[in-house]
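Number of protein chains: 2
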Amino acid sequence: MAVITKLRINSDRLHNRINHLAEIGQQPSGSICRLAFTPEDLQARQPVKQWMLEAGMAVRIDAAGNLIGRYPGKNNTAPVLATGSHLDTVPTGGRYDGVLGVLAGIEVAQTLKENGLQLHHPLEVIVFTDEESTMIGCQAMAGTVLLDTPNRYQPKTGESIQCCLERLGGSWEQLRTATRSRADMAAFVELHVEQGAILERNGVSIGIVQGVVGMQRQKITIIGQANHAGTTPMEMRQDALIAAAELILGVRKIALKMPSQPVATVGYINVLPNAVNIIPGQVELSVDMRDLSQNCLEEMLALLQDKIIAIADSTNTQILIQPLLTVKPSLADPEIQQSMKSVCQQLELSYLSLPSRAGHDALEMGRITDMGMIFVPSQGGISHSEAEYTSPEHCTQGANVLLQTLLLLDQSR
Amino acid sequence: MAVITKLRINSDRLHNRINHLAEIGQQPSGSICRLAFTPEDLQARQPVKQWMLEAGMAVRIDAAGNLIGRYPGKNNTAPVLATGSHLDTVPTGGRYDGVLGVLAGIEVAQTLKENGLQLHHPLEVIVFTDEESTMIGCQAMAGTVLLDTPNRYQPKTGESIQCCLERLGGSWEQLRTATRSRADMAAFVELHVEQGAILERNGVSIGIVQGVVGMQRQKITIIGQANHAGTTPMEMRQDALIAAAELILGVRKIALKMPSQPVATVGYINVLPNAVNIIPGQVELSVDMRDLSQNCLEEMLALLQDKIIAIADSTNTQILIQPLLTVKPSLADPEIQQSMKSVCQQLELSYLSLPSRAGHDALEMGRITDMGMIFVPSQGGISHSEAEYTSPEHCTQGANVLLQTLLLLDQSR
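Structure follows, in structure tokens:
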């Protein structure tokens, strides 16, 4: 790996900008409500666009409403090096989720400009549209939007996706023009807060993401027989909730036995008739399983299916399984991960490798280009809350790792 | 035991009357909706009162709205022998639940009258008020109504209990006058359909009830920590639904290990926030345990409390337990059970002894007098449904066992 430069981003400017954006959509509780496509979302894009221009970038909006700043390269026809994240939040969002990645990207360009530098590759900083809900921005870039079913994309504003995209300057009809390919994007690197507590628990400054986990989400329906809780002897019961309890514990056991440390959760359950004195006749529940390895996900699903057959048999119930959602894992490029490790060593920052167990724009970008992600610690692992906090030092460290990683990739690509 | 007489009830009349009452409140589905205190409930009492008068009984209504027919005894100041049941139904009731016991009681009186006979004791046939919901009728007779808290009695009509009682000719203010005692009631015997499948499964005609089970009903609250189903590693979770699943299976195991074959049910569960991608932070559930033995109920409750402590510890949750309802078991008098066995042997009817695991008017009557119950088979164990069915033969057999048991008790008391 090449020598690390002395270049550093401007820490004060980064934090002033984080504070500036935190006021747009701020609620009395201190949380931030900046749902995609709302006036607050549009309002936040104004200073960001201005800062892109100040950083020497040309700014455009693609058909998916993604706001893209381009800092020219020495070879301006080369595939771009890209970074970025999102400005939209959940209804009770924090100050760092998304924002940090966007502002750190702009810092990279502005630092280059202020030092009179250009990369060989053009550099793009992307504000992706609606990461927190439809993920239409990154999916359009990855070409994974189903154009014949616009109703599958339901913005939180309650409006149609077509109307929402136009408000941002995009166009559903032109969506295919937003799609990028490996030929015009050499790599994508995203900086994001961890939204988990692994870095903090390990006292580490930088997380080098191995990939964004995939997901298998299933709907399970258990059909037993509702009956009188007094007059039905234990051995004559077809209690759907007994079967559900065995399944809930079984799902946990499946996750615990896999070496890659996947997670598996039953978060939703609906019982019928749900009365104190009636044996449950029917239960619906969800199973959500996540791991970085597609093989692991498939093995867990197979174990779940075996478990279901055994439980249906032992509880005298019928159990149906239906897929709700399948997302394939998106692995980070090994060379990008290696570059990040070199950078951390040179900057004398502690680091560890970990999967991202939450979804990110990088998940989709990893489908079309070499992808990498940098995590910085979230205090208490808390996110999507006014209590979301990452220290200024950690934010700065993350942005400098992003800068140096892009510099390294510029040389190696 | 004394010799069984040749007296038999009039089977045709009994079935004509069952059919007659089945038309009052009958729904298009064939089920019967005759909620207590409704016009249908009042309407059903009219022919019943008429049939009591035809059977030579004096009819009165007590302060709890109980309709009481009294057939005089040779010693008319002796404590009464009582029988009866109820005419009200659940919203989707069947034709036999309650009705059979009332009409069989009237058959006993009418059979005596038609044969010019009198017992030594006066005979009372009681139509208890609102067995299916508040049980105000039998509770008032047993003196267990809490007079200072009328709001605890919520008739299904949505009206106040005071207003409902007056409609039947009763009076909340006078309720104490409905209370009976061992001094004025020598015994109470109720004929009822089983509402379970034990007699049918054993191919037996008559069930001799050992008692009506008691109930321990608890509300359990499990407090864990809601968290992101993706980013929270399995070992850091405080998943309230995992604790609930262990508890649901634990409750079943507790019931299965007790020799008296109690039942225990988790019928109700409420999960927060109940979202596919969030680890459950809080669960509320109900535990309903029933057995004939108060010792068994107390032992089960102690085992449940031990289990809760162990589960809270192993799942890193907090678990609270609150009593919802406690009903002590009501045992049938051994001599009455023995009389029923003699009667079955003499009538050459197969029989077995079993607990009643559903509540009945006899539960309360057993608190103030010697109590017995006769069950006849329910086809498929089904009740509270238009599919509720007991064959005419079984109904007649049950009524004749009631008649002969009362004749025996008249001699022995």
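Protein chains in written order, with the numbering used here: chain A, 172 to 584; chain B, 172 to 584.
All C-beta atoms in this analysis are idealised placements derived from N, C-alpha and C, irrespective of residue type, glycine included.
Values in this document were obtained by computation on a predicted structure and should not be read as measured data.
- At the C-beta level, A:Lys499 and A:Gln465 come within 7 Å of one another.
- Among the CB atoms of chain A, none fall inside 7 Å of the CB of B:Met223.
- Contact residues of the stretch 441 to 468 of chain A toward chain B are Val442, Asn445, Ala446, Val447, Asn448, Ile449, Ile450, Pro451, Ser457, Asp459 and Arg461 (C-beta to C-beta distance below 7 Å).
- Here B:Lys245 carries a coil assignment [DSSP, helix/strand/coil].
- For B:Leu274, the three-state secondary structure derived from DSSP is helix.
- Contact residues of the stretch 364 to 381 of chain B toward chain A are Glu365, Gln366, Gly367, Ala368 and Ile369 (C-beta to C-beta distance below 8 Å).
- Using a Cβ-Cβ cut-off of 7 Å, A:Met405 counts as an interface residue toward chain B, since at least one Cβ of chain B sits closer than that to its own.
- Scanning chain B for C-beta atoms nearer than 8 Å to the C-beta of A:Leu580 yields nothing, as the closest lies near 27 Å away.
- Chain-ordered, the chain A residues with CB closer than 7 Å to the CB of B:Ala426 read Met405.
- Looking from the CA of A:Glu455, the closest CA among A:Ile239, A:Gln493, A:Thr260 and A:Glu469 belongs to A:Gln493.
- Relative to the Cα of B:Gln381, the nearest Cα in the group B:Arg528, B:Gln366, B:Glu295 and B:Arg388 belongs to B:Arg528.
- Excluding its 5 nearest sequence neighbours in each direction, A:His186 has C-beta neighbours in its own chain below 6 Å: Pro563, listed in chain order.
- With a cutoff of 7 Å on beta-carbon distance, B:Asp301 and B:Ala207 are scored as near each other.
- One thing to note: B:Gly569 has its Cβ within 7 Å of the Cβ of B:Ile545.
- If you look at A:Pro404, you'll find it isn't in any alpha helix (DSSP H); DSSP assigns it neither H nor E.
- When 9 Å is used as the limit between beta carbons, A:Gly401 is near these residues of chain B: Gln366, Gly367, Val384, Met386, Val434, Thr436, Asp459, Arg461, Ser527, Arg528, Ala529 and Gly530, in chain order.
- A:Ala229 has A:Arg241 as its beta-bridge partners, per DSSP.
- Using a Cβ-Cβ cut-off of 7 Å, A:Ala483 does not count as an interface residue toward chain B, since no Cβ of chain B sits closer than that to its own.
- A Cβ of chain B is located within less than 7 Å of the beta carbon of A:Ala416.
- Scanning B:Pro293, B:Ile332 and B:Val572 for the CA closest to the CA of B:Gln516 turns up B:Val572.
- Annotated three-state conformation of A:Lys390 is strand, per DSSP.
- For B:Tyr439, the chain A residues whose Cβ falls inside 7 Å of its Cβ are Asn445, Ala446 and Val447, in order along the chain.
- According to the DSSP secondary-structure assignment, A:Thr436 is paired through a beta bridge with A:Asp459.
- The stretch 176 to 183 of chain B makes no contact with the stretch 397 to 410 of chain A: fewer than 3 CB pairs, one atom from each, lie closer than 8 Å.
- Straight-line measurement puts the Cα of B:Arg188 at about 38 Å from the Cα of B:Gln387.
- When secondary structure is reduced to three states using DSSP, B:Ile450 falls in the strand class.
- Contact check for B:Ala358 against B:Asp541 passes: the beta carbons are separated by less than 7 Å.
- Among the CB atoms of chain B, none fall inside 7 Å of the CB of A:Leu271.
- The continuous stretches of alpha helix (DSSP H) do not include A:Met306, and DSSP gives it neither H nor E.
- Around the beta carbon of B:Ser457, a 10 Å sphere encloses 16 or more other beta carbons of the protein chains shown; the residue is thus reported as buried.
- Among the residues of chain A, those whose CB is under 7 Å from the CB of B:Ile419 are Leu412, Ile413 and Ala416, following chain order.
- Nearest to A:Ser513 by alpha-carbon distance, out of A:Leu577, A:Glu361 and A:Asn445, is A:Leu577.
- Per DSSP, the unbroken beta strand (DSSP E) holding B:Val547 starts and ends at Asp541 to Val547.
- Looking from the CA of B:Gly374, the closest CA among B:Cys335, B:Gln221 and B:Ser521 belongs to B:Ser521.
- Here DSSP, grouped into helix, strand and coil, assigns B:Gly340 to coil.
- Put simply, the stretch 230 to 241 of chain A touches the stretch 332 to 352 of chain A. At least three CB pairs are less than 8 Å apart.
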